[in-house]
Amino acid sequence: MICASEQSVIVIDEIYDKVKEEFIKRGCYFLRDQEIEKVRKTIIINGALNSKIVGQSAYKIASLAGVTVPEATKILIGEVES
21 MICASEQSVI VIDEIYDKVK EEFIKRGCYF LRDQEIEKVR KTIIINGALN
71 SKIVGQSAYK IASLAGVTVP EATKILIGEV ES
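Under this note's numbering, the first residue of the sequence shown carries the number 21, and numbering increases by one thereafter.
See below:
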């Protein structure tokens, strides 16, 4: 996925479970707390985008971060609350 694409989704509580289920069906992987930090530290280094992740698949980025995901993973999702 190109970094210029949409990078956030806001979901209301009433449909949260259905939306999450649909993301999973479509090949998304929901990162756990420790995994979010590992991926964050891999994609941003010294305040800049890590050039090693550009053009890489979600699976490859997760692997670089030391996170195990299914090879068919299309998108890594890190949930946060504002």
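All C-beta atoms in this analysis are idealised placements derived from N, C-alpha and C, irrespective of residue type, glycine included.
Task: Whole-angstrom distance between I32 and T93, CA atom to CA atom - done: Between T93 and I32, the alpha-carbon positions lie close to 25 Å from each other.
TODO: State yes or no: is the C-beta of Y36 within less than 7 Å of the C-beta of V89?
DONE: When the beta-carbon positions are compared, Y36 and V89 stay at least 7 Å from each other.
TODO: Would you grab the beta carbon distance between A78 and K58 for me? Rounded to a whole angstrom, and I think it's under 8 Å.
DONE: With 8 Å as the limit, A78 and K58 do not qualify as a contact, their Cβ atoms being about 14 Å apart.
TODO: Can you tell me which of the three DSSP states G47 falls into?
DONE: Assignment of G47 by DSSP, reduced to helix, strand and coil, places it in the coil class.
Open item on the list: Could you tell me the alpha carbon to alpha carbon distance between K83 and V74, rounded to whole angstroms?
Closed with: Note that residue 83 is Ser in the sequence shown, not Lys. Note on geometry: alpha-carbon atoms of S83 and V74 lie some 14 Å from one another.
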